[in-house]
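Enquirer: Take the sequence shown: its position 58, counting from 1, is numbered 58 in full-length UniProt numbering, and each next residue is one higher.
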Amino acid sequence: MNKMILTEAKLFLREPGGPIFAILLPLALLLGLGSIPGFQTADPALGGQRVIDTQLPGMMVVLSVVTMALTALPATLVAYRESGVLRRMSTTPVRPVRLLVAQVVNNIAVAVIATALLIGLGNLVLGVAVPRSLLAFAGVFLLGSASMFGLGLLIAAVAPSAKSAPGIGSLLMFPLLFLAGMWIPRELLPDLAQRIGDFLPMAPFAQALRDTWAGHAPQPLHLVVMAATVLVTGVLAARLFRWE
Numbered sequence: 001m002n003k004m005i006l007t008e009a010k011l012f013l014r015e016p017g018g019p020i021f022a023i024l025l026p027l028a029l030l031l032g033l034g035s036i037p038g039f040q041t042a043d044p045a046l047g048g049q050r051v052i053d054t055q056l057p058g059m060m061v062v063l064s065v066v067t068m069a070l071t072a073l074p075a076t077l078v079a080y081r082e083s084g085v086l087r088r089m090s091t092t093p094v095r096p097v098r099l100l101v102a103q104v105v106n107n108i109a110v111a112v113i114a115t116a117l118l119i120g121l122g123n124l125v126l127g128v129a130v131p132r133s134l135l136a137f138a139g140v141f142l143l144g145s146a147s148m149f150g151l152g153l154l155i156a157a158v159a160p161s162a163k164s165a166p167g168i169g170s171l172l173m174f175p176l177l178f179l180a181g182m183w184i185p186r187e188l189l190p191d192l193a194q195r196i197g198d199f200l201p202m203a204p205f206a207q208a209l210r211d212t213w214a215g216h217a218p219q220p221l222h223l224v225v226m227a228a229t230v231l232v233t234g235v236l237a238a239r240l241f242r243w244e
């Protein structure tokens, strides 16, 4: 298994466009937001916090995860299926499922690197506090990432081609990002939009990260939604995934 992960990591790094984008895009948005004077001013509507204080833990970390989960991962897996890699592997002692695991591990590793850079630069450059509950934050990060990669595997299972997979992921990603507060903080969204977001996996992921970042316990509903997403997408992806 370790050899498979290392092999896929080498292939992963030969075409670093996706990983670099997943790392640089959130960092660019972080620094861009930090350069806007209004985003550096405490906002009473956000409980006296700056926009940058809420957007970093709530959205930039999520953005790095979903970029890998909903676009990069499905495109790679569908390309493997189209080229016959999965079919050929199914005839060898190395089962294709190991390839899926290796891909998920490598994609999560990129998201972890992006998160570490966001936390470090957010603190050093913009003065954003580091997560106060590191263990809880790490747990939420893993659970939320699992829910996002579950969606990515489901997209890979149903996408008809490698070219269509990123498009399907983007069509799913942008509405979920909006409801999670990517462009407008969730506190400023209409109540109905906030409530709808609570029952979809991305908004609970973002809010739970924010809660643990501030040292608070995540809301039970958000944990249940993320866990249910992992279960449902995992079962559906396993049933629908085609090896050839």
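Cβ atoms here follow ideal geometry from the backbone N, Cα and C, with glycine treated the same way.
#1: What does the alpha-carbon distance come out to for the pair residue 35 and residue 104?
#2: Have a look at residue 213 and residue 125 and give me their C-alpha separation to the nearest angstrom.
#3: If contact is defined by three or more beta carbon pairs under 8 angstroms, each pair taking one atom from either stretch, is the region 202 to 218 in contact with the region 137 to 145?
#4: Hey, residue 19 and residue 128 are a contact pair by Cβ (cut 8 angstroms); roughly how many whole angstroms apart?
#5: Quick one: what's got a C-beta closer than 7 angstroms to residue 199's C-beta in the same chain, skipping five residues either side?
#6: Is the separation between the beta-carbon of residue 28 and that of residue 64 shorter than 9 angstroms?
#7: Go to residue 191, then tell me how far its alpha helix (DSSP H) extends in each direction, as first and last residue.
#8: Excluding five sequence neighbours on each side, which residues of the same chain lie with their C-beta closer than 6 angstroms to the C-beta of residue 148?
#9: Taking 9 angstroms as the CB-CB cut-off, is residue 33 touching chain B?
#10: From what residue to what residue does the alpha helix (DSSP H) around residue 50 run?
#11: Taking the straight line between their C-alpha atoms, what separation do you get for residue 179 and residue 197?
#12: How many Å lie between residue 153 and residue 73 at the Cα?
#13: Considering just the uninterrupted stretch of the alpha helix (DSSP H) at residue 40, what are its terminal residues?
#14: Does the count of Cβ pairs from the region 112 to 124 and the region 75 to 83 closer than 8 angstroms reach three?
Expert: Once the coordinates are examined:
#1: 34 angstroms
#2: Cα to Cα, the separation comes out at about 18 angstroms.
#3: Touching, yes, given that three or more Cβ pairs across the two stretches are closer than 8 angstroms.
#4: Actually they do not touch by this definition, with Cβ atoms about 24 angstroms apart.
#5: Excluding sequence neighbours, residue 199 sits near 225.
#6: no
#7: Segment 191 to 198, the alpha helix (DSSP H) holding residue 191.
#8: In chain order, 65, 66 and 69 place their CB closer than 6 angstroms to the CB of residue 148, counting only its own chain and leaving out the 5 sequence neighbours on each side.
#9: The structure shown has no chain B; it contains just one protein chain.
#10: Residue 50 -> no alpha helix (DSSP H), and no H or E assigned at all.
#11: 5 angstroms
#12: 8 angstroms
#13: For residue 40, there is no enclosing alpha helix (DSSP H), as DSSP marks it with neither H nor E.
#14: Touching, no.
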